[in-house]
Structure formats: C-alpha cells, structure tokens
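Quick note on my numbering: the sequence shown kicks off at 4 and runs consecutively.
Okay, structure first, notes after.
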Amino acid sequence: MRLKRGRKIGPVGSLLLLPFLLISGVLSFPYAVLTAFSRKRNKQKLQARMEAQGRVIEWSEFLNALNESRGTAIIERYSFKAPVYLWWTPENLYHVCPYPTVDWMTLHDESYGPFAEWCRIRYTSRDAGGAVLVRDPSPAEAYSLHSRFESCSGLERWIEVVPPEAVHKTG
C-alpha cells in the first residue's frame, strides 16, 4: 500500500491503519442517513415553495406532455447520487437555446457556465424561472422515465443540466 507521497506503509503499517478504517466505516453510516434525510427535507421545501408559486405539475400531466411531444423535460442534477430535480417547460429548449447543448458530464466544464446560468435564469430559478417542477414520481415511475430517456425511443425532448454553482471553476 502506498501513500500519495510515494511512501511505503508495509504490512505493519497496514495493520495499524485498519482500526482507523473500521471506525471511519462505522461513522459513515450515520452521516449517510443524515445526508439522505437532509436532501429529502430540502426537496420537500422546494416543492412547497414551487406549489406556493403555482409552479408544480402533476406526474400524469407531465407524462401526457411527453407523450404528445410538447415542451422539454429538464433534469437538474447536482451529482450522480443526488439531488435530482425534474422540471418541465412548454418551450422547445433546443430551439431557443443560444448555447450548444452537450451531455451532463461535459456540462461540468467551466466553458459551459454561461449555458448553466442561462438555463437557471430562464427555467429553473427558484424565484423567477419559467419551468414548473414535476411532482415526485414513485421509484418505479422514475425508473421507467429514466429508461425511456436513455433509450431515446420516443419523440420527447429532454436535457440534463448542471446548476451553475456545480460547474467546476478553474483558476
């Protein structure tokens, strides 16, 4: 086993390191539970805020719009794990977007910061955006939608976006 500085730890060092690894593993469980609880609470607060603004669409209405190829689904994703927010706009985002659209991984590059800002201001801003938040689906419905988007079998339009604060800044 090697450390980042290139120093060898050896078998004795590995044995001394083992208790620290076990303690870290045990402590990570409560952290994960608290993080999941916090994310769920934040998502509920956002949904309540959007409901107060009249910016929530029911799951069934959203699916109807997708099936009729109306509007664009916007998947706002901070990371692979969470949180993920599903928005819908009646506009065809690909026709009105002044920036190139790319995949989610590429969007983390600083050069796509203007696209992320544009998308936030125009659609997903919590205060003045034009998109509506899709009410949380059941896990089975969410998986079905994910499979549908990944297969690109329909005519529905969708895009994944990274919030501006999640774009990597260099320098």
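Quick reminder that beta carbons are idealized off the backbone N, C-alpha and C, glycines included.
Computed from a predicted structure; not experimentally measured.
{"Asked": "When the Cα atoms are used, what is the spatial distance from Val135 to Ser17?", "Found": "53 Å"}
{"Asked": "Can you name, in chain order, every residue of its own chain whose Cβ lies under 6 Å from the Cβ of Cys122, other than the five neighbours on each side?", "Found": "Val164"}
{"Asked": "Helix, strand or coil for Val165, going by three-state DSSP, please let me know.", "Found": "coil"}
{"Asked": "Measuring only the C-alpha atoms, how far is Arg73 from Trp91?", "Found": "10 Å"}
{"Asked": "Under 8 Å by Cβ, that's how I've got Glu94 and Pro167 pegged, so tell me the actual separation to the nearest angstrom.", "Found": "About 20 Å separates the two Cβ atoms, so there is no contact after all."}
{"Asked": "Measure from the alpha carbon of Ala51 to the alpha carbon of each residue in Tyr97, Arg129 and Ser150, then state which is nearest.", "Found": "Arg129"}
{"Asked": "Need the endpoints of the alpha helix (DSSP H) that Arg42 sits in, please.", "Found": "Gly13 to Ala55"}
{"Asked": "Since I believe Ile60 is in contact with Arg138 (beta carbons under 8 Å), could you give me their beta-carbon distance rounded to a whole number of angstroms?", "Found": "7 Å"}
{"Asked": "What whole-angstrom Cβ distance do Thr75 and Arg160 have, given they're in contact under 8 Å?", "Found": "4 Å"}
{"Asked": "Trp91: beta carbon under 7 Å from a heavy atom of the ligand ZN?", "Found": "Questions concerning the ligand ZN fall outside what the structure shown contains, since it holds no ligand whatsoever."}
{"Asked": "Please work out which residues of its chain come closer than 8 Å, Cβ to Cβ, to Asn45, disregarding the five sequence neighbours upstream and downstream, and give them in chain order.", "Found": "Pro86"}
{"Asked": "Could you give the distance in angstroms between the alpha-carbon of Pro140 and the alpha-carbon of Arg125?", "Found": "24 Å"}
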